[in-house]
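Some notes on the structure that comes next.
Here is the structure:
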């Protein structure tokens, strides 16, 4: 396959992943639905993955890709446990609003 | 050659085993505590010491007197130029001390099994005793000053623990603290001496120090300073003026402890230390003069105080101080082997006397005041006879052990200066007097206690009397190790030690030897003085039946002074203790209460207040937390960018 | 040619990501998220990371997003309209998110850039290469990650189970 990287500067990938990361952060702050917040966290994880893969490709080093693989493993575990938590919280308060989980304070 | 190697490695193993046995005994008794049944704990302790004694004896018979065995177990402190290893040195001096410590130690352990019977802290007692033996062995076996110092501190600790053994009595705790603090004063001197040695020679190894010091001129200021500091250490441990007042108070401990620690072994550590560094001290005759003066003063003063004491153990305690003074006199004269000889014989008869007094106390169920005794010779025969032998030995009546060693020292003092000889002989006569005052008041005449206690007087069991008998035999024959020169026979003891003390003999000026006639006269005078003192004591306390006064009011001025131990304790109290207490109170009132307390409370208040305020930020809203987190990250980035 | 593909993919990625954040209903968020993931997979292919592209599609688009969908449907969240935060918090969120982006850009701008020497053909992203890495150097983390997954399975079962 032809090497596409020659025509795309690496900085663009940096820019793209930063933007994606900030969208994720903003989403976490904006939304009240816990499920969407969890998705935004996934978005942030993916922006980091993209960055790792791009560095790995440009530096010709497969370590980065192995790391992305592990990030995916952790993300899968995290989502499974996170969603299970959301389900069990929903059973108790009948809501997925983050403001309904405010009991832990002074 | 091959033979020799295996022989020396065998000796190495044996000598490592010596301190290991008591340590194991200590660990067993200490870790299992009250789960060990009473007699078994005692036997564990005793057998551990016996095993050490057997090892020490084996080394004594295999290692020739001219040789020594020195080996390092491991590198202990290695830092820059400083290199101190943990190692043992086995030479005749060490072996002598080993035999005394483990031999007498074993007898006293045996004795304690019966003496401490039924005591709540029986196991604890044997734990401490084994620990003491372990540290004492380290003290005499080390091949450098630092290993000696471990033992030195360790025996101090055990002494503290054992003086305060019956810690429910407040007085005992005070006595223990007093002993510990007094020793600490001396230890500081020892420590400073070691630092000075390190600074000057860069080593603490006995052999290297002895080698290095010979390059200095005699009476070099530095060497005199170092030896004086080391002597301060010896003063504390061996109860010399001015640091002697702890020893009489130390009698608060159980009697076997007084016998083992405060008569036979630990208090001779100071003497051992000086003999061990005899080359160093021989290079500083000025220090030897100081030692001589302190020794003479202690010897006389303690003997005088001993005249007026009414507690059976206190009399023995002052006699110990006095005898230790006599040993320092020998050391001050450069007669190192004579000093050691007296250490050994003194260990025999003083242990015997203490154990005998223990047997008396045992028979009277804890009574220690001799005014309430009397006529005990009829009831406890074995104790009486052995106690008598001990008293004869300490008084210097031939052919008992004390005669030979004392006579040797007296002869040495005469060589040096007849004036000192007169003073020391006088104190020796005083010794004979107060010992027989004790014997007569305790054992002859009529019983002065109540009828009820009289019926309960009984001879102690075999475990107590057997050690007494063995020690009595040793007190009779022990002196024959060192026969005076006039007999024409060899002085076995000083020959044995000659490889150790020989090094300093070349440095010290040769004393002119006494003619045989003078020596006979000296012996005659000394023995005569002792016998006359004994007869005076007999006249006063048996024929006239005098008794010590019950209160100060019956005493005249001089007697009052002596009976109150020259008010030394009171003077120390006024000069050292009171100012320290006052200063402490002052610091407590102003520094502690005003400054320290306020600072500490202030810190707590600030924490409390800030906690109360800051916790309001914990709203419970996750979004808020996340927002704060993002803001924090932004701030960190900004800081990173700006710097 | 390749840069045009990159532009197209990037636009799809960003737009779908924005839609995830701003969609009214969680359902639309999930679907936008799937689109976003596919476009990221496209990026991986562009970066010659074919193995990861496949794994990404299977794990994220296939498994994780299905799980999200499943939960959204299970909880029946579509009926209630999604409330958003108060105005103040929304402004604060926008400002801090924007600040973060600015700061990131600034730091990217000031950091030193290196030049990469790129070969004509790159095969590090192929299964063969990544697999070798995974089973040689990273075999221990790989095995441990299986334990992590196992514990996640057990954990989610325990958490989601109805208390009897």
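Chains as they are written, first to last, in this note's numbering: chain A, 1 to 106; chain B, 107 to 749; chain C, 750 to 913. We put the beta carbon where it would ideally sit given N, CA and C, even for glycine.
Residue-chain proximity (residue i, chain B), Cβ-Cβ < 8 Å
{"i": "residue 99 (chain A)", "result": "yes"}
{"i": "residue 860 (chain C)", "result": "no"}
{"i": "residue 19 (chain A)", "result": "no"}
{"i": "residue 837 (chain C)", "result": "no"}
{"i": "residue 852 (chain C)", "result": "yes"}
Listed by chain order, chain C residues near residue i by CB distance under 7 Å
{"i": "residue 739 (chain B)", "result": "849"}
{"i": "residue 48 (chain A)", "result": "Within 7 Å Cβ-Cβ: nothing; residue 48 (chain A) doesn't reach chain C, min ~11 Å."}
{"i": "residue 743 (chain B)", "result": "852 and 856"}
With 16 other Cβ atoms within 10 Å as the buried cut-off, status of residue i
{"i": "residue 822 (chain C)", "result": "exposed"}
{"i": "residue 597 (chain B)", "result": "buried"}
{"i": "residue 1 (chain A)", "result": "The predicted model places residue 1 (chain A) with a pLDDT of 45, which falls under 50 and marks its position as unreliable; any figure quoted below should be read in that light. Burial call: exposed."}
{"i": "residue 61 (chain A)", "result": "exposed"}
{"i": "residue 39 (chain A)", "result": "buried"}
{"i": "residue 872 (chain C)", "result": "exposed"}
{"i": "residue 42 (chain A)", "result": "buried"}
{"i": "residue 652 (chain B)", "result": "exposed"}
{"i": "residue 420 (chain B)", "result": "buried"}
{"i": "residue 906 (chain C)", "result": "exposed"}
{"i": "residue 713 (chain B)", "result": "exposed"}
{"i": "residue 703 (chain B)", "result": "exposed"}
{"i": "residue 813 (chain C)", "result": "buried"}
Minimum Cβ-Cβ distance from residue i to chain C less than 8 Å
{"i": "residue 736 (chain B)", "result": "yes"}
{"i": "residue 25 (chain A)", "result": "yes"}
{"i": "residue 748 (chain B)", "result": "no"}
{"i": "residue 71 (chain A)", "result": "no"}
{"i": "residue 232 (chain B)", "result": "no"}
{"i": "residue 109 (chain B)", "result": "The pLDDT assigned to residue 109 (chain B) is 48, lower than 50, so where the model puts this residue is not dependable, and the model offers no usable value."}
{"i": "residue 41 (chain A)", "result": "no"}
{"i": "residue 37 (chain A)", "result": "no"}
Listed by chain order, chain A residues near residue i by CB distance under 7 Å
{"i": "residue 757 (chain C)", "result": "Result: empty, since nearest Cβ-Cβ is about 12 Å, beyond 7 Å."}
{"i": "residue 727 (chain B)", "result": "99 and 102"}
Under 8 Å by beta carbon: chain B residues contacting residue i
{"i": "residue 845 (chain C)", "result": "733, 736, 737 and 740"}
{"i": "residue 897 (chain C)", "result": "Simply none; closest approach about 25 Å."}
{"i": "residue 29 (chain A)", "result": "729, 732, 733 and 736"}
Whether residue i touches residue j by CB criterion (8 Å)
{"i": "residue 382 (chain B)", "j": "residue 123 (chain B)", "result": "no"}
{"i": "residue 909 (chain C)", "j": "residue 100 (chain A)", "result": "no"}
{"i": "residue 545 (chain B)", "j": "residue 493 (chain B)", "result": "yes"}
{"i": "residue 798 (chain C)", "j": "residue 904 (chain C)", "result": "no"}
{"i": "residue 308 (chain B)", "j": "residue 336 (chain B)", "result": "no"}
{"i": "residue 898 (chain C)", "j": "residue 73 (chain A)", "result": "yes"}
{"i": "residue 430 (chain B)", "j": "residue 393 (chain B)", "result": "no"}
{"i": "residue 388 (chain B)", "j": "residue 603 (chain B)", "result": "no"}
{"i": "residue 362 (chain B)", "j": "residue 234 (chain B)", "result": "no"}
{"i": "residue 500 (chain B)", "j": "residue 455 (chain B)", "result": "yes"}
{"i": "residue 158 (chain B)", "j": "residue 128 (chain B)", "result": "yes"}
{"i": "residue 751 (chain C)", "j": "residue 7 (chain A)", "result": "yes"}
{"i": "residue 671 (chain B)", "j": "residue 347 (chain B)", "result": "no"}
{"i": "residue 466 (chain B)", "j": "residue 526 (chain B)", "result": "no"}
{"i": "residue 223 (chain B)", "j": "residue 155 (chain B)", "result": "no"}
Any chain A beta carbon closer than 8 Å to residue i
{"i": "residue 806 (chain C)", "result": "no"}
{"i": "residue 882 (chain C)", "result": "yes"}
{"i": "residue 822 (chain C)", "result": "no"}
{"i": "residue 719 (chain B)", "result": "no"}
7 Å Cβ cut-off: residues of chain B touching residue i
{"i": "residue 855 (chain C)", "result": "747"}
{"i": "residue 798 (chain C)", "result": "Those do not exist, as residue 798 (chain C) stays about 28 Å from chain B at its closest Cβ, beyond 7 Å."}
{"i": "residue 842 (chain C)", "result": "733"}
Chain A residues whose Cβ lies nearer than 9 Å to that of residue i
{"i": "residue 776 (chain C)", "result": "Within chain A, no residue comes near residue 776 (chain C); the closest Cβ sits about 10 Å away, beyond 9 Å."}
Cross-chain neighbours of residue i in chain A, by beta carbon under 8 Å
{"i": "residue 760 (chain C)", "result": "Here the premise fails: no neighbours, minimum Cβ distance about 10 Å."}
**OP:** Output the residue ranges of the alpha helix (DSSP H) runs that lie fully inside the segment 303–388 of chain B and measure 4 residues or longer, sorted by chain position.
**Re:** 312–319, 327–343, 352–355, 361–365, 375–382 and 384–388
Original post:
In chain order, which continuous runs of the alpha helix (DSSP H) of length 4 or greater are located wholly inside the segment 396–440 of chain B?
Top reply: 418–438
**OP:** Go through the segment 674–717 of chain B residue by residue and report every complete run of the alpha helix (DSSP H) that reaches 4 residues or more, in order.
**Re:** 674–678 and 684–693
**OP:** Tell me the start and end of each unbroken alpha helix (DSSP H) in the segment 205–255 of chain B that is at least 4 residues and wholly inside, in chain order.
**Re:** 228–247
**OP:** Only counting runs of 3 or more residues, tell me where the beta strand (DSSP E) segments fall wholly within the segment 528–553 of chain B, in order along the chain.
**Re:** none
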